[in-house]
Amino acid sequence: MNFGAYMECVLRCPYLEDEERDTINSILKSAREKSERSLRMPPGMKGNYVEPEYFEEAIQTTVYEGPRSKRLKTQVVRWLSVPYFFLGTTDSSSDKDVDDMDTKPHFFATGYTAEGEFFQVAQLWCLILGDCLVVSCARRAMSDLPGRLIDIVTLPPADPTHPLTGERAPVIEVSDGGIKVWLLPLEKCETWAGIRCKFCGSRV
């Protein structure tokens, strides 16, 4: 994960207003200067990481609603860097030389993992602008998402002959992968803030 490339991707977003872009640029620059650290690497290799942190800043932008009507819109920009546990597999070509540090990933530990696997503390970077934009970066490939980490199901199945109201109204099903499942009414989850407030005070 390259923090410089992440910054460039965020700041190139075409949906940002000038005030939003300036604030986001300031926050990410601060994170880079204060929290980015170098990893201890083998000779010839370079690597950095960002210390775990959370930071937010409120910004105001002018919204024009007509030729003579305007108002101030307040949004909160949130930035967080969160560590998480990651279990991966080594390349088959390095299985025979698993004790050779030059032929296996330099950042893993194999203490209590199965043969051919490695354990790593990876990171999730996430920048949130109000309830309209989320830009995240993690060591999960896009191919891992469908059907494994995110599964979209309409409950109950859509039926065009009956109105989707009351008990038939669509819901969003959220699971922690264990025993907890949340059924969130779709009409109350139209914004990021709306979804987040469903878990306030809960240990998800």
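The numbering used here puts the first residue of the sequence shown at 72, with every later residue one more than the last. All C-beta atoms in this analysis are idealised placements derived from N, C-alpha and C, irrespective of residue type, glycine included.
From the DSSP output, in three-state form, read off residue i for me.
i      : result
Tyr77  : helix
Lys259 : helix
Leu216 : Since pLDDT at Leu216 reaches only 48, below the 50 mark, its modelled position is unreliable, and the value read off the structure follows with that caveat. The answer is coil: DSSP assigns Leu216 none of H, G, I, E or B.
Cys268 : helix
Asp171 : With a pLDDT of 43 at Asp171, under the threshold of 50, the modelled position of that residue is not reliable, and the figure given next carries that caveat. In the structure shown, Asp171 sits in coil (DSSP, three-state: anything other than H, G, I, E or B).
Quick check on the burial criterion: 16 or more other C-beta atoms within 10 angstroms. Buried or exposed for residue i?
i      : result
Glu79  : exposed
Ala76  : exposed
Val148 : buried
Ile199 : buried
Ile250 : exposed
Cys268 : exposed
Ser140 : exposed
Ser152 : buried
Glu91  : buried
Leu99  : buried
Thr277 : Look at the range of the chain in this structure, 72 to 275, and you will see that residue 277 is not part of it.
Thr160 : exposed
Leu216 : With a pLDDT of 48 at Leu216, under the threshold of 50, the predicted position of this residue should be treated as unreliable, though the coordinate-derived value follows. Label assigned to Leu216: exposed.
Gly201 : buried
What residue does the alpha helix (DSSP H) around residue i start on, and which one ends it?
i      : result
Glu104 : Asp89 to Ser106
In terms of residue numbering, what span does the beta strand (DSSP E) encompassing residue i cover?
i      : result
Tyr125 : Glu124 to Gly137
Cys208 : Leu204 to Cys208
Ile243 : Val242 to Ser246
Can you round the beta-carbon distance between residue i and residue j to whole angstroms, since I take them to be within the 8 Å contact cut?
i      : j      : result
Ser106 : Glu127 : That pair is no contact at about 15 Å.
Tyr120 : Gln194 : 6 Å
Thr132 : Glu104 : Not confirmed; about 26 Å, so no contact.
Val206 : Val81  : 5 Å
Glu244 : Val252 : 6 Å
Ala209 : Trp150 : 15 Å between Cβ atoms; not a contact.
Under 8 Å, Cβ to Cβ, is there at least one residue of chain B near residue i?
i     : result
Arg92 : Given the protein chain composition of this structure (a single chain), no chain B is represented.
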